[in-house]
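Remarks on the structure that follows.
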Amino acid sequence: MLNIFLSVLREQWKITIVVLLLLPVLINLGFWQLDRAEEKKQLLAFYEKQSALAPIPLINLISNSQAKYQNVTVTGKYDTDHYWLLDNQPRGGKVGYEIIMPFKFTDSSGNTKTLLINRGWVSADADRRVLPIINTPENSVSIEGYLYPLQVNAVIKHSQNDLKVEWPKRVLQLDNEAASKALSEIVEPLMLRIDEESTGAFITQWPVINTQPEKHHGYAVQWFSMGFALLLLYLWVLFRTKKQ
0 MLNIFLSVLR EQWKITIVVL LLLPVLINLG FWQLDRAEEK KQLLAFYEKQ SALAPIPLIN
60 LISNSQAKYQ NVTVTGKYDT DHYWLLDNQP RGGKVGYEII MPFKFTDSSG NTKTLLINRG
120 WVSADADRRV LPIINTPENS VSIEGYLYPL QVNAVIKHSQ NDLKVEWPKR VLQLDNEAAS
180 KALSEIVEPL MLRIDEESTG AFITQWPVIN TQPEKHHGYA VQWFSMGFAL LLLYLWVLFR
240 TKKQ
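Right under this line is the structure:
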C-alpha cells in the first residue's frame with residue numbers, strides 16, 4: 000500500500016509541490032483575517048470605553064498615549080491660510096473630501112501648538128478642477144471632538160505635487176510627518192475629529208473602522224474554504240491516479 004502511495008506521489012509530484020506551497024498560505028491568510036477581526040473588536044471596545052468618558056481639556060491629555068479616542072475640548076484659532084482636502088471620501092454614493100485644518104492652541108506652559116482638526120465631509124464638484132469653498136471662523140473658538148490617530152497606508156504614496164502646490168492641498172492621506180513638513184512646524188501626533196455641534200464643523204459621523212470584524216470573519220471563511228477545496232481536489236487527483 001505504501002509503495003502504491005509513493006508511486007502516486009512520484010507521478011503527481013508537480014501537483015504535490017503546488018499544494019504544499021499553496022495550502023499553508025491559504026490557511027495562514029485565514030488565521031490572519033481572524034486576528035484582524037479580533038483586533039477590530041478590541042479597537043471598537045476601546046473606542047466605546049473612551050467615548051463614554053466626559054470631555055476634558057486637551058492640554059491635560061496631549062502627551063498621554065492613552066488619549067486616543069478620548070473626548071476633549073480645546074480653545075484656539077483655525078489656521079485659515081492652510082488646509083488639506085482629503086480625497087477619495089465617498090458618502091452616501093457621493094464623492095467628496097474631508098477638510099483637515101491646522102488649529103493653534105496654547106498649552107498649560109503657555110506654548111503655542113498646532114493640532115490638526117478634521118472638520119468633516121463636504122461634497123466635491125463634478126469638475127475635479129473646481130475645489131470647494133470653505134468658510135472658516137477667524138476669531139478664537141472652543142471646539143469639542145475626539146482624538147484620532149493619523150493613519151498611513153503603506154500602499155499609498157504621498158504625492159510630491161500635492162506637497163508643492165499652493166494651498167489647499169489635495170491628498171489621499173495625511174500623517175504627522177507630512178503635515179509638519181508642509182507647515183514647517185511641529186504638529187501634534189493625534190488629530191481631532193470635530194463634533195458636529197462645534198464651530199466650523201461640516202458633515203461628521205465618521206466610522207471608527209473601515210472594515211467590521213464580521214467582514215474579516217467572512218474573509219477568513221473564504222480563505223479556509225479555498226484551502227479545503229484545494230485539498231479535496233488534490234486527494235481526488237491522487238485517488239484517480241491510483242485507480243488508473
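For the sequence shown, numbering that gives the first Met the number 0 begins at 0 and goes up steadily by one. Even glycine gets a Cβ: it sits at the ideal position worked out from N, Cα and C. In this text the structure is predicted, and so the values were computed from the model without any measurement.
Exposed or buried, which one is Val-154 when buried takes at least 16 other CB atoms within 10 Å?
As a first step, residue 154 must be located in the sequence shown, where it is residue number 155. Here the model assigns Val-154 a pLDDT of 49, short of 50, so the residue's position is not dependable, and the following value carries that caveat. Val-154 comes out exposed.
Let me know the beta strand (DSSP E) ranges lying completely inside the segment 116-193, each 3 residues or longer, listed in chain order.
140-148, 168-170 and 189-193
Report the rounded CA-to-CA distance for His-216 versus Arg-192, giving the unit in angstroms.
Counting from one through the sequence shown, the residue named residue 216 turns up at place 217. Counting from one through the sequence shown, the residue named residue 192 turns up at place 193. Roughly 29 angstroms between the two C-alpha positions.
Val-71 (DSSP reduced to helix, strand or coil):
Stepping through the sequence shown from its first residue, residue 71 is reached at position 72. In the structure shown, Val-71 sits in a strand (DSSP, three-state: E or B).
Looking at Leu-84: is its Cβ nearer than 8 angstroms to the Cβ of Pro-167?
To locate residue 84, count along the sequence shown from 1; it is residue 85. To locate residue 167, count along the sequence shown from 1; it is residue 168. For Leu-84 and Pro-167, yes; Cβs fall inside 8 angstroms.
Would you identify the three-state DSSP class for Leu-19, choosing helix, strand or coil?
Here residue 19 is taken as the residue at index 20 of the sequence shown, counted from 1. Correct three-state label for Leu-19: helix.
Nearest residue (CA-CA) to Arg-128, options Arg-118, Ser-139, Asp-86 and Thr-135
Counting from one through the sequence shown, the residue named residue 128 turns up at place 129. Here the closest residue by C-alpha is Asp-86.
Please report the straight-line C-alpha distance between Leu-25 and Asn-70, rounded to a whole angstrom.
Walking along the sequence shown from the start, residue 25 turns up at place 26. Walking along the sequence shown from the start, residue 70 turns up at place 71. Spanning the two alpha carbons is a distance of roughly 41 angstroms.
My assumption, with CB atoms under 8 angstroms, is that Ile-98 sits in contact with Val-121. Please give the rounded CB distance.
If you number the sequence shown from 1, residue 98 lands on position 99. If you number the sequence shown from 1, residue 121 lands on position 122. 6 angstroms between Cβ atoms; contact.
Would a C-beta distance cut-off of 8 angstroms place Pro-101 and Asp-78 closer than the cut-off?
For this step, residue 101 is matched to residue 102 along the sequence shown. For this step, residue 78 is matched to residue 79 along the sequence shown. Taking 8 angstroms as the Cβ cut-off, Pro-101 and Asp-78 qualify as a contacting pair.
Specify the secondary structure class of Glu-213 as computed by DSSP and reduced to three states.
Start at 1 with the first residue of the sequence shown, and residue 213 comes out as number 214. Helix, per DSSP.
Does the segment 138-146 come into contact with the segment 193-202, if we say contact requires no fewer than three beta-carbon pairs (one atom in each stretch) closer than 8 angstroms?
yes
Report yes if the CB atom of Gly-91 is closer than 8 angstroms to the CB atom of Thr-203, and no otherwise.
As a first step, residue 91 is located in the sequence shown; it is residue number 92 there, counting from the start. As a first step, residue 203 is located in the sequence shown; it is residue number 204 there, counting from the start. No, the pair does not count as a contact, with Cβ atoms beyond the cut-off.
For the 8 angstroms Cβ check, are there 3 or more pairs between the segment 217-225 and the segment 41-57?
no
Helix, strand or coil for Phe-223? Go by DSSP, reduced to three states.
Residue numbering aside, residue 223 sits at position 224 when the sequence shown is read from its first letter. Of the three classes helix, strand and coil, the one that applies to Phe-223 here is helix, per DSSP.
Pick from Tyr-82, Ala-53 and Val-94: whose alpha carbon is nearest that of Leu-182?
Counting from 1 along the sequence shown, the entry for residue 182 is found at position 183. Nearest of Tyr-82, Ala-53 and Val-94 to Leu-182, Cα basis: Tyr-82.
For Glu-184, which residues in the same chain have their Cβ closer than 8 angstroms to its Cβ, ignoring the five residues on either side in sequence?
Residue 184 sits at position 185 when you count from the first residue of the sequence shown. Taken in chain order, the residues that qualify are Thr-113.
For Val-39, the nearest candidate out of Phe-238, Phe-201 and Pro-212 (CA to CA)
Residue numbering aside, residue 39 sits at position 40 when the sequence shown is read from its first letter. Rather than Val, the amino acid found at residue 39 in this sequence is Lys. Answer by Cα proximity: Pro-212.
Among all the DSSP beta bridges, which residues are the ones paired with Asp-105?
As a first step, residue 105 is located in the sequence shown; it is residue number 106 there, counting from the start. First, the residue type needs correcting, since residue 105 is Thr and not Asp in the sequence shown. DSSP lists Thr-111 as partners of Thr-105.
Round the Cβ separation of Pro-131 and Thr-198 to the nearest angstrom and send it over; I've been treating them as touching at under 8 angstroms.
Here residue 131 corresponds to residue number 132 of the sequence shown, with the count starting at 1. Here residue 198 corresponds to residue number 199 of the sequence shown, with the count starting at 1. Their Cβ separation, rounded to whole angstroms, is 18 angstroms, which puts Pro-131 and Thr-198 out of contact at 8 angstroms.
Output the distance between the C-alpha atoms of Tyr-147 and Pro-188, rounded to the nearest integer angstrom.
One-based indexing of the sequence shown puts residue 147 at position 148. One-based indexing of the sequence shown puts residue 188 at position 189. Taking the straight line joining both Cα atoms gives about 9 angstroms.
Secondary structure at Glu-47, three-state DSSP: helix, strand or coil?
As a working note, residue 47 is residue 48 in the sequence shown. Correct three-state label for Glu-47: helix.
Could you check if Gly-109 is buried or exposed, using at least 16 other CB atoms within 10 Å of its CB as the buried criterion?
What you label residue 109 is simply residue 110 of the sequence shown in a count that begins at 1. Counting Cβ neighbours within 10 Å, Gly-109 comes out exposed, since fewer than 16 surround it.
With Trp-83 as the anchor, note down where its beta strand (DSSP E) starts and where it stops.
As a working note, residue 83 is residue 84 in the sequence shown. 83-85 is the extent of the beta strand (DSSP E) around Trp-83.
Option in Ile-133, Ala-36, Tyr-68 and Glu-176 with minimal Cα separation from Leu-54
For this step, residue 54 is matched to residue 55 along the sequence shown. With the sequence shown as reference, residue 54 is identified as Pro, and Leu is not the correct amino acid for it. Checking every option, the nearest Cα to that of Pro-54 belongs to Tyr-68.
Have a look at Asp-80 and Ala-51 and give me their C-alpha separation to the nearest angstrom.
Reading the sequence shown from its first residue, position 81 is the one you call residue 80. Reading the sequence shown from its first residue, position 52 is the one you call residue 51. Answer to the nearest angstrom: the Cα atoms are 35 angstroms apart.
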